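Working notes, structure below.
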Amino acid sequence: MLIDAAELRARLAAGERFTLLDARDSDAWRTATLPDAHAFNVYDYFIPDSTEQEIAAMAGVFERAWQSLGTDSATPVWFEEETGMRSPRGAWFHWLIGRDDALILNGGVRAWQDAGGELRPGRGEHTLLAPQPGADNAVRFQRERVASREEVLRADGERTVILDARRASEHDGSFVHDCCARAGRIPGSQLLFWEEVIADGKFRPAAEIRAAAHKAGFSPHQRIITYCHRGARAATVYAALKHAGFRDLAVYVGSWHEWSEHQELPVAP
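Residue numbering for the sequence shown follows the numbering used here, starting at 13 and increasing by one per position.
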């Protein structure tokens, strides 16, 4: 699920087919990106309600955007300036629709340059995720890789646990984003700040991630549902745990933004 820059360069030189997907904003891509990379923004797309129908529609929106590139037979490789919260979210979208071959360029553009890779200005259109009004977007998706708020509400704290990837100040309720209706955390959730799985712009080694997860109270034998503000940092921790050998993982796509809107749902201060 991760590929380093030197390996990617070698495999490209050997003739393997990859679709390089730049998850940064349009200006950064147009200025300088990996040769022939497509700009693909998944960071700013969120669904208003994490129902089964909305999740299926979200998967459909992504699948159609991906297919519009005309390169779906090649292996997707997501990257950003350094490994952060954009490229893992892109890879998670691919895993959601069953593309288990999707990769994250560990270290992103900086690692590519450090490995001697050249950069070129981005050319073409910037692919965005946007629902098509009146269109039936729904497609089949890998249900176990995503969680609705109903599943989060049913989590028992033993077999199924909730991981909060936000900052400590968000977790304890002392800070809340202006767009969120309430401060606090999902009851029973435990904190594993997303930056704890990153070091020097790359994912930490698998053993270090396993140790951080264990220290935070998580086990590979549990189903772990990650959440954050709107789902991006949650995808980074999802990818980190996947890299570390955890298998039963899901992203709560509504995250705190959705949870806080539903006054009937419990909140831990």
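Heads up, the beta-carbon is just placed ideally off N, CA and C, and yes, glycines get one too.
Being a predicted model, the structure only gives us computed values, none of them experimental.
DSSP state of residue i mapped onto helix, strand, coil
i, result
"I221", "helix"
"Q202", "strand"
"A252", "helix"
"A49", "coil"
"R235", "strand"
"V279", "coil"
"I15", "strand"
"V263", "strand"
"T43", "helix"
"I59", "coil"
"A211", "strand"
"R197", "strand"
Cutoff 6 Å; reference residue i; Cβ partners in own chain excluding five residues on either side
i, result
"E208", "A224"
"A256", "A218, I221 and R222"
"A159", "I237, A262 and Y264"
"D16", "N118"
"L203", "D176 and H183"
"V188", "A195"
"A193", "S272 and E273"
"K214", "T95, N118 and G119"
"Y57", "L141"
"V121", "E93"
Own chain, CB closer than 8 Å to residue i, minus 5 neighbours either side, in chain order
i, result
"V287", "Limits of the chain in this structure are 13 at one end and 281 at the other, which puts residue 287 out of reach."
"E170", "Q234"
"V151", "A68, A71, G72, E75 and I109"
"F205", "A177, R178, R179 and A180"
"R155", "none"
"R259", "P232"
"A18", "A127"
"V54", "A35, F74, R98, R101, G102, F105 and L141"
"I59", "E66, I67, A69, M70, V265 and G266"
"A25", "none"
Own chain, CB closer than 7 Å to residue i, minus 5 neighbours either side, in chain order
i, result
"G134", "D34, W41, R42, T45, A49 and A51"
"D84", "W78"
"R216", "V209 and I210"
"N149", "A69, G72, V73 and P143"
"H269", "C191, C192, H241 and R242"
Rounded Cβ spacing between residue i and residue j (contact assumed at less than 8 Å)
i, j, result
"R36", "E94", "Wrong, their Cβ atoms sit about 10 Å apart, outside the cutoff."
"R101", "A247", "4 Å"
"A127", "R21", "6 Å"
"R166", "P47", "Not really, about 47 Å apart at Cβ, beyond 8 Å."
"L14", "A77", "About 23 Å separates the two Cβ atoms, so there is no contact after all."
"W107", "R157", "6 Å"
"A123", "L115", "The pair is not a contact, with the Cβ atoms about 13 Å apart (cut-off 8 Å)."
"G185", "P278", "Between P278 and G185 the Cβ distance is about 13 Å, and since that is not below 8 Å, they are no contact."
"A244", "R98", "7 Å"
"T87", "D113", "5 Å"
"R161", "S80", "The Cβ separation is near 30 Å, so there is no contact."
Check: residue i C-beta below 6 Å from any heavy atom of the ligand SAH
i, result
"L131", "Ligands are entirely absent from the displayed structure, and the ligand SAH is therefore not among its contents."
Within-7 Å CB hit, residue i to chain C
i, result
"V279", "Within the model displayed, chain C is absent; a lone protein chain is all it includes."
Where are the alpha helix (DSSP H) runs, 4 residues long or more, that stay fully inside the region 71-118, in chain order? 99-108
Take every Cβ of the region 232-241, pair it with every Cβ of the region 30-39, and state whether three or more of those distances are shorter than 8 Å. no
Enumerate, from N- to C-terminal direction, the unbroken beta strand (DSSP E) stretches of 3 or more residues contained entirely within the region 117-183. 138-140 and 172-176
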